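What follows is a single structure, written as structure tokens, with notes after it.
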Amino acid sequence: MLLVALLVSILAFAGHASAVSWYFLRYYSASGQKFTSFSGQMTIPALPKAGVYYLWPGLQPTDNSGVYQNVLDGRSGTWWIGSGWCCSNPSLPWGSGFNTYANEKVTFENKLDSSGSAWTSTLTRQSTGEKVTDSFPLASKSFNQAIFAIELYDVSWDFGQLAFSNVVITSTGTDSSWCSTQPENYNSATTYSITGLSASGDSTILRALYVRFYWKPRADQLPQPAIS
237 MLLVALLVSI LAFAGHASAV SWYFLRYYSA SGQKFTSFSG QMTIPALPKA
287 GVYYLWPGLQ PTDNSGVYQN VLDGRSGTWW IGSGWCCSNP SLPWGSGFNT
337 YANEKVTFEN KLDSSGSAWT STLTRQSTGE KVTDSFPLAS KSFNQAIFAI
387 ELYDVSWDFG QLAFSNVVIT STGTDSSWCS TQPENYNSAT TYSITGLSAS
437 GDSTILRALY VRFYWKPRAD QLPQPAIS
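Numbers given in the working numbering equal positions in the sequence shown, counted from 1, plus 236.
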């Protein structure tokens, strides 16, 4: 069994808007192993306006058929968070959720149940104790990717810091190489640092005091000089 505990802070500066902008880090499990739980706490950022902001931790399977995720959704102008599987194979109804607001903390827990027949997601709004739990028949999926993602449609990364803490990712097996490998930084869109790593016991417990992301535009995204 492998356990990963991370404190993740995502900080951003004013970014650019495009049809869809992706920012994510992705950890892969070791060969032949799979993730069996993913939990942590998200600190809710301010929502500047109604827009298609999707901020989420999630798990993706080996066949890349979809993603199992806890999505903070800004479309209504008020943050709403819920769990679900996107988007087909199988087609499943989205889970339940609740509204949440800037500076609140929401705990997420996703785990394969003891019978191995389904995944259960629990979201808890720490300020009120409100809790929702949903079950998804995803036991046939072999999740080998753990992802922290920011998914934006026609809006920019203008909500400031996004922070995760007390994150634990559990894997089968004993190969801890994935814990000490740098995560994939999609499209090199961010710079980041990971500090305070530690491991102990026959399980591997990886702790990071900070993981920081900063938006780093590619050369083709930089403002171009005016032509006189």
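Each residue gets a CB set at the ideal place from its N, CA and C atoms; glycine is no exception.
These numbers come from a predicted model, not from an experiment.
task = Would you kindly work out how many angstroms separate the C-alpha atoms of Val391 and Tyr289, rounded to a whole number?
result = Here residue 391 corresponds to residue number 155 of the sequence shown, with the count starting at 1. Here residue 289 corresponds to residue number 53 of the sequence shown, with the count starting at 1. One C-alpha to the other measures close to 7 Å.
key: First and last residue of the uninterrupted alpha helix (DSSP H) at Trp414   = Translated into positions along the sequence shown, residue 414 becomes position 178. Element bounds for Trp414: 413 to 416.
Cβ shell of Ala307 (< 6 Å), same chain only, five flanking positions each side left out = Here the question's residue 307 lines up with position 71 in the sequence shown. Checking the displayed sequence, the identity of residue 307 turns out to be Val instead of Ala. When the five nearest sequence neighbours on each side are left out, the beta carbons in the same chain lying within less than 6 Å of the beta carbon of Val307 are those of Tyr290, Trp292, in order along the chain.
query = Pick from Val403, Asp394, Gly409, Gln381: whose alpha carbon is nearest that of Pro419?
reply = Residue 419 sits at position 183 when you count from the first residue of the sequence shown. With distances taken between Cα atoms, Pro419 lies closest to Gln381.
message = Whole angstroms are fine: how far does the CA of Gly396 sit from the CA of Pro281?
response = Within the sequence shown, residue 281 is the residue found at index 45, counting from 1. Within the sequence shown, residue 396 is the residue found at index 160, counting from 1. A straight line joining the alpha-carbon of Pro281 with that of Gly396 spans about 7 Å.
ask   = Run through DSSP, which three-state label would Ser301 get?
value = For this step, residue 301 is matched to residue 65 along the sequence shown. Correct three-state label for Ser301: coil.
ask   = Gln418 CB to nearest chain D CB: under 8 Å?
value = As a matter of chain content, chain D is missing from the structure shown, which is built from one protein chain.
query = What is the DSSP secondary structure of Tyr337, counted as helix, strand or coil?
reply = Position 101 of the sequence shown, counted from the start, is the residue given in the question as residue 337. Residue state, collapsed to three classes: coil.
message = Quick check on the DSSP output: the beta strand (DSSP E) that includes Trp258 runs from which residue to which?
response = Here the question's residue 258 lines up with position 22 in the sequence shown. Per DSSP, Trp258 belongs to the beta strand (DSSP E) from 257 to 264.
ask   = Excluding five sequence neighbours on each side, which residues of the same chain lie with their C-beta closer than 6 Å to the C-beta of Lys270?
value = Translated into the one-based positions of the sequence shown, residue 270 becomes position 34. Cβ neighbours of Lys270 beyond the five flanking positions: Ser378, Phe379, Asn380, Thr408.
message = Going by DSSP in three states, Ser468 sits in which element: helix, strand or coil?
response = Lying outside 237 to 464, the shown extent of the chain, residue 468 is not represented and no answer is given.
query = Could you give the C-beta distance for Val404 and Ser275, rounded to a whole number, given that I count them as a contact under 8 Å?
reply = On the sequence shown, residue 404 is found 168 positions in, with the first residue counted as 1. On the sequence shown, residue 275 is found 39 positions in, with the first residue counted as 1. Sure, about 5 Å apart at Cβ, within 8 Å.
request  = Check each candidate in Val342, Asn402, Ser332 and name the one with the smallest Cα separation from Thr279.
outcome  = As a position in the sequence shown, residue 279 is number 43, starting the count at 1. Closest option to Thr279, Cα to Cα, is Val342.
ask   = By Cβ distance below 6 Å, which residues in the same chain neighbour Pro373 in space, the five residues on each side in sequence not counted?
value = The count along the sequence shown starts at 1 and reaches residue 373 at position 137. Answer for Pro373: Ala354, listed in chain order.
ask   = Just curious, the beta strand (DSSP E) that Asn380 is in, first and last residue?
value = Walking along the sequence shown from the start, residue 380 turns up at place 144. Counting along the chain, the beta strand (DSSP E) containing Asn380 begins and ends at 379 to 389.
key: When Val256, Trp258, Arg262 are compared against Thr417, the one with the closest alpha-carbon   = Here the question's residue 417 lines up with position 181 in the sequence shown. The candidate whose alpha carbon is nearest that of Thr417 is Arg262.
query = The beta strand (DSSP E) with Leu398 in it runs from where to where?
reply = Numbered from 1 along the sequence shown, position 162 holds the residue referred to as residue 398. Note, Leu398: beta strand (DSSP E), 398 to 407.
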